[in-house]
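Report on the structure given below.
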Amino acid sequence: MTNAETMESTTTNTPQHDVVIECDIRELYYGNFKAVRDTYVPIHKGAITAFIGPSGCGKSTVLRCLNRMNDLVRGFRFEGRVNFLGRDIYDPAIDPVAIRRHIGMVFQQPNPFSMSIFNNVAFGLKLNRFKGNKEERVEMALRGAALWDEVKDKLHKSGLSLSGGQQQRLCIARAIATEPEVLLMDEPCSALDPIATRKVEELMLELKEKYTIAIVTHNLQQAQRVADKTGFLYVDTTEGSRTGYLVEFGDSDRLFEAPQEKYTQDYIRGEFS
Amino acid sequence: MSANIHPSAPSTPTPDTRHLEKSLRNKQSLFSFAMSAVVGMLTILALVPLFSVVLMLFYRGGKSLSFALFYELPPGPMQEGGGFGNAILGTVVMVGIAAAIAVPMGVLAALFLAETAPDSRLAKTVRFCGKVLTGFPSILAGVFAYGAVVLLTGGFSAVAGGVALSILMLPTVMLTAEEALRMVPLKMKEAAIGMGATDFQCVWMVLLPTSLPGILTGVMLAVARAAGETAPLLFTALFSNYWISAGGNVELMQPTASLAVLIYNFSGVPFQNQVELAWAAALVLVLLVLTVNLIGQAISRRRID
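Protein chains in written order, with the working numbering: chain S, 3 to 275; chain G, 5 to 309.
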């Protein structure tokens with residue numbers, strides 16, 4: 003199977019210790035609905051990994067597996083494993099809360115809390131009973147999210163008073179304030195205008211220096227602009243339902259310029275021609 | 005002749021547009037007009053009791069309103085002057101006790117209904133019981149508290165009154181709090197969980213603060229209702245002509261005065277002064293309830309902003 007070959011080639015290109023999260027989904031169900039099957043994706047340290055594919059192909063579902071956000075969905079059932087730092091996070095001995103503190107998440111819709119900008123960013127610090135200098139950490143996180151200059155004079159104002167793009171950068175600041183190892187971003191720009199999108203993209207490239215990032219996007223150009231590695235998921239309708247699976251995974255340059263799978267070729271060509 | 009566009013001249017080529025004009029001669033529009041008038045009149049009719057009561061209270065109670073009312077004790081049958089300071093304090097204390105019982109219980113129950121197990125059979129049962137309890141006859145709440153507290157502790161008391169009132173407050177607090185908790189957008193909850201918040205942290209740091217205005221609105225409505233109740237207090241707190249506190253100690257296990265029971269007691273007596281005090285007390289009670297209601301509405305309006 004070519005799927006396995008691509009997987010092989012990527013694992014040989016990069017040493018194993020570079021992989022922070024090793025995601026191997028054999029079967030994933032919501033109730034009786036098989037949402038995803040046969041998806042193996044390694045998330046490499048210090049790189050941006052993008053998931054692309056048509057709507058309903060399960061790319062968000064895959065991303066939400068990586069920090070056990072799917073646990074919130076009723077009827078969620080998972081077969082396979084997701085290794086983080088070598089441990090299977092679906093091991094019953096693992097605390098999903100602890101996992102989420104190490105693997106942060108930025109959502110599709112900006113979702114600041116209805117509290118002040120400062121308290122939004124300090125939220126994770128409070129969760130962790132952070133003892134150090136909160137002001138310093140909040141400033142660092144806001145600078146890291148390229149938002150500091152815009153909000154430094156109104157830190158006590160509600161996070162909901164900001165514009166959509168600012169809210170999303172606030173959510174990024176909130177996520178990086180606790181310095182997680184990995185940042186998951188679920189279509190972080192789909193609710194933003196092009197200018198705000200560009201800002202968030204630039205931010206991702208900066209954040210890459212410090213954090214490992216996995217992003218879901220339905221914008222192919224965005225994946226091409228920011229991602230080092232890209233995985234293409236597609237929907238399999240042969241079994242009667244719509245089950246997503248990984249078609250191809252590899253370096254973004256290679257995947258976009260010389261896709262090996264027919265589905266990938268069709269999808270990418272369809273978008274550009 | 006052709007310049008004559010008067011409608012009475014049918015020979016002119018100008019089209020007859022009279023059927024487009026408003027006219028009550030049309031049966032359908034006459035009916036519609038009549039129904040609108042009926043609706044308007046019934047609306048005004050529905051407001052008559054409220055405004056006549058408030059006007060009457062201002063007319064009869066307003067003239068005897070004075071500062072002394074707020075700090076003096078109720079007078080005896082033939083005495084002049086006096087006030088109902090002890091009844092105001094008693095009402096506040098008993099509503100306070102009721103809130104201290106009903107608010108934590110109601111909010112915790114609401115958390116169960118909205119978060120812990122929203123679709124469980126237990127939640128459905130509790131929700132149904134809550135709705136039934138909102139229409140619970142208040143005198144039965146008094147009977148319950150009489151059996152559960154008065155008989156057990158051996159006397160009428162503020163605590164028994166508070167328990168009776170808390171039964172009336174509980175369903176309102178619980179159901180409005182559940183509604184308020186459900187109004188918190190899922191994405192905010194997801195944000196908290198995604199940050200690695202435990203269930204408790206999510207509830208304590210995000211859900212409760214975000215839904216606080218809605219919860220407070222429900223509490224205010226419940227407080228307003230409880231403050232005006234008479235029947236449950238007749239069996240439980242009874243009445244007292246003295247202050248609830250004696251020498252600095254607040255006596256919660258003694259019969260306690262309340263505005264509602266004072267109105268009930270004084271309105272039926274033949275003594276002019278007491279009857280006038282009952283009017284004044286009624287006015288104070290209505291203003292108290294109105295204030296609490298207005299605060300509740302102001303809080304809920306802020307929630308929308």
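Cβ atoms here follow ideal geometry from the backbone N, Cα and C, with glycine treated the same way.
Query, Result
"Members of the region 112–129 of chain S near chain G, C-beta cut-off 8 Å", "113, 114, 115, 116, 117, 125, 126, 128 and 129"
"Start and end residues, beta strand (DSSP E) containing residue 249 (chain S)", "245–253"
"Any beta strand (DSSP E) of 3 or more consecutive residues that is wholly inside the region 84–138 of chain S", "105–108"
"Best match in S:59, S:226, S:112 and S:79 for proximity to residue 30 (chain S) [C-alpha to C-alpha]", "S:79"
"CB contact below 8 Å: residue 22 (chain S) versus chain G", "no"
"Residues near residue 268 (chain G) by beta carbon distance below 7 Å, same chain, minus five either side", "234"
"C-alpha distance - residue 160 (chain S) paired with residue 120 (chain S), whole-angstrom precision", "9 Å"
"For residue 103 (chain G), the nearest candidate out of G:87, G:46, G:183 and G:176 (CA to CA)", "G:176"
"Rounded distance between the beta-carbons of residue 106 (chain G) and residue 173 (chain G), thought under 8 Å", "4 Å"
"Interface partners of residue 200 (chain G) on chain S, CB under 9 Å", "69, 98, 99, 100, 101, 102, 103, 104, 105, 106, 126, 129, 130, 180 and 182"
"Residue range of the unbroken alpha helix (DSSP H) whose run includes residue 59 (chain S)", "Premise fails: residue 59 (chain S) is in no alpha helix (DSSP H) and is neither H nor E."
"Alpha-carbon spacing of residue 211 (chain S) relative to residue 162 (chain S), whole angstroms", "29 Å"
"Alpha-carbon spacing of residue 142 (chain G) relative to residue 25 (chain G), whole angstroms", "56 Å"
"Within 8 Å, strictly: CB atoms of residue 110 (chain S) and residue 229 (chain S)", "no"
"Beta carbon of residue 284 (chain G) nearer than 8 Å to that of residue 68 (chain G)", "yes"
"CB contact below 8 Å: residue 80 (chain S) versus chain G", "no"
"Cβ-based neighbour list, residue 195 (chain G), same chain, cut-off 8 Å, excluding 5 preceding and 5 following", "210"
"Where the region 179–208 of chain G meets chain S: residues whose CB sits under 7 Å from a CB there", "191, 192, 194, 195, 197, 198, 199, 200, 201, 202 and 205"
"Where residue 318 (chain S) falls: helix, strand or coil (DSSP)", "Outside the modelled stretch of chain S, which goes from 3 to 275, sits residue 318 (chain S), for which no answer is possible."
"Opposing strand residues paired with residue 253 (chain G) [DSSP bridges]", "G:250"
"Range covered by the beta strand (DSSP E) that runs through residue 24 (chain S)", "21–32"
"Chain S contact for residue 104 (chain G) (CB, 8 Å cutoff)", "no"
"C-beta neighbour in chain G for residue 109 (chain S), strict 8 Å", "yes"
"CB contact check: residue 210 (chain G) to chain S, cutoff 8 Å", "yes"
"Residues sharing a beta bridge with residue 151 (chain S), DSSP", "None, per the DSSP bridge assignment."
"Candidates G:166, G:63, G:87 and G:65, of which the one nearest residue 71 (chain G) by Cα", "G:87"
"Bridge-paired residues (DSSP) for residue 35 (chain S)", "S:32"
"Classification of residue 25 (chain S) by the beta-carbon crowding that lies within 10 angstroms, buried from 16 upward", "buried"
"Spatial neighbours of residue 142 (chain S) in its chain, beta-carbon cut-off 8 Å, leaving aside the 5 residues before and after", "179"
"Amino acids of chain G, ordered along the chain, whose beta-carbon sits closer than 8 Å to that of residue 74 (chain S)", "194 and 197"
"Contact list for the region 211–241 of chain G against chain S, Cβ threshold 9 Å", "213 and 214"
"Own chain residues within Cβ distance below 7 Å of residue 3 (chain G), not counting five before or after", "Given a span of 5 to 309 for chain G in the structure shown, any question on residue 3 (chain G) remains unanswerable."
"Cβ-Cβ separation, residue 182 (chain S) to residue 106 (chain S) (assumed contact under 8 Å), whole Å", "4 Å"
"Where residue 68 (chain S) falls: helix, strand or coil (DSSP)", "coil"
"Terminal residues of the alpha helix (DSSP H) in which residue 268 (chain G) lies", "263–271"
"Neighbourhood of residue 138 (chain G) by C-beta distance below 8 Å, restricted to the same chain and skipping five residues each side", "175, 176 and 179"
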